[in-house]
Amino acid sequence: GIFDKLTALTDLTLFSNQLTSLPSGIFDNLTALKFLSLDRIQLSSLPSGIFNKLTSLTNLSLHQNQLSSLPGNIFDNLTNLTSLNLGRNQLTVLPQNIFNNLTALTNLILFNNVLSSLPENIFDNLTALTFLNLGGNALSSLPETIFDNLTNVTFLPLDRNNLSLLPETIFDKMTALTG
């Protein structure tokens, strides 16, 4: 593929293009990649396994695309990822285990999607998380224990949702929360 010989590449930005789709295996030889920006390139879907070989990746941004869903195992091999930006897409639902292997993640941006609900255990393994942005979605309720393992989160925007009532103890274990 186009990037096959760039095995030492650590940063790749494809910002503001009209790619609409990416072929399977396009990033397979970029095993040294740490930063990947696929912002504003009109992506409507991602092939399952597209990030599987990017085990060194620490920062992945898919900001402002047309993504409405994601394969459930799309991030499984990204165990070094510290920042994931999925903001400004059209995500309506997130698979239950999509973030399970992202135990190093500190930043998760999900703002300005159309998420109407979240699986109860979706954030359970994200114990290193310090920033979680859920603003600008269509969330009408949240499970009572959804934030229980997020004891390091300091910032949690929930603005511009359809929340009318939150469980009384939803934030009880978020002792680091400041804003």
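In my numbering, the protein residues as written are 888 to 1066. Every residue, glycine too, gets a C-beta built ideally from N, C-alpha and C. All values reported here derive from a predicted model rather than from experimental measurement.
- For N972, the enclosing beta strand (DSSP E) covers residues 970-972.
- Taking C-beta atoms under 8 Å as the contact rule, L1019 and L1002 fail to qualify, at a distance of about 13 Å.
- A Cβ-Cβ separation of about 5 Å places L971 in contact with L995 under the 8 Å criterion.
- The region 956-1005 contains, as complete beta strand (DSSP E) runs of 3+ residues, the segments 970-972, 994-996 (chain order).
- Nearest neighbour of T969 by Cα position, chosen from F890, D926, N984, F922, turns out to be F922.
- For A1025, the closest alpha carbon among the candidates N1000, A991, F1010 is that of N1000.
- Distance check between K892 and each of T907, A919, N904, T900 places A919 closest, using alpha-carbon atoms only.
- Inter-residue distance for N939 and I928 is about 21 Å (C-alpha atoms, whole angstroms).
- Excluding residues up to 5 positions away in sequence, L906, T907, S908, L909, L949, N952, Q953, L954 lie with their Cβ nearer than 8 Å to the Cβ of L930 in the same chain.
- Contact check between the region 957-964 and the region 980-992: three or more CB pairs, one atom from each, fall below 8 Å, which counts as touching.
- If you compare the alpha carbons of S932, N967, S956, D926 with that of L941, the shortest gap goes to N967.
- A direct Cα-Cα distance of roughly 9 Å separates T897 from S943.
- Between L1064 and L1045, the C-beta gap is not smaller than 9 Å, which leaves the two residues out of contact.
- In the structure shown, the three-state DSSP call for L899 is strand.
- Between the alpha carbons of T993 and M1061 lies a gap of roughly 15 Å.
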